[in-house]
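Numbering (our numbering), first residue to last: 890 to 1041.
Note that CB positions come from ideal geometry on N, CA and C, so glycine has one too.
In structure tokens form, the structure reads like this:
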């Protein structure tokens, strides 16, 4: 099933206001509101803003406190996502996390240079081709060589 398109859009509209390193903290502010019993988007927003005011030392809280003026609709969208997420059974949350994890890891690996360990292992497997462009490519080559499908 995954995340329905409107919910995914809501989540991204909210998270787009935060740098990647602040996104989990920002999302957790909304999720905490739902876990505390808020059941409507405006309640979730109010609760999250109250908590953010007490956590002003965190950059994510500062950004959250600016959102009502910058993009209140994105804040409500984030609240809708949090309500949807917390309505899911634990097994469904786990399934969605697992489904989303592999592509996220692959994207991250595609942005990182291959490790020295990967390059040494490729050499030990007899690989003599061009140096892989990133960790993902190196990992794919290693898998192919270990399975015996790649040309050396």
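ask   = To the nearest angstrom, how far is it from the Cα of residue 910 to the Cα of residue 978?
value = When rounded, the distance between both Cα atoms is 27 Å.
key: Range of the contiguous alpha helix (DSSP H) that encloses residue 962   = 948-976
query = Just to confirm, are residue 930 and residue 990 a CB contact at a threshold of 8 Å?
reply = No, the pair does not count as a contact, with Cβ atoms beyond the cut-off.
message = Excluding the 5 residues flanking residue 914 on each side, which residues of the same chain have their C-beta closer than 7 Å to its C-beta?
response = 947, 949
CB of residue 974 within 8 Å of CB of residue 920, strictly = Yes, Cβ-Cβ distance for residue 974 and residue 920 is below 8 Å.
ask   = Since residue 933 contacts residue 971 with CB under 8 Å, what's their CB separation in whole angstroms?
value = 6 Å
Beta-carbon spacing of residue 889, residue 896 below 8 Å = Residue 889 is absent from the structure shown; the chain starts at 890 and stops at 1041.
request  = Have a look at 1000, 1014, 1007, 959 and flag the residue whose alpha-carbon is nearest the alpha-carbon of residue 1037.
outcome  = 1014
task = Work out the CA separation of residue 1004 and residue 1033 for me, nearest whole Å.
result = 17 Å
message = Can you list, in chain order, the residues of its chain with a C-beta nearer than 7 Å to that of residue 869? Leave out the 5 residues immediately preceding and following it.
response = Outside the shown range of the chain, which is 890 to 1041, sits residue 869, and nothing can be said about it.
message = Assuming contact is defined by CB atoms lying nearer than 8 Å, are residue 993 and residue 1023 in contact in what I supplied?
response = no
C-alpha distance - residue 953 paired with residue 962, whole-angstrom precision = 13 Å
request  = Classify residue 929 as helix, strand or coil using the three-state DSSP reduction.
outcome  = coil
ask   = Does the Cβ-Cβ distance between residue 1007 and residue 1031 come in under 8 Å?
value = yes
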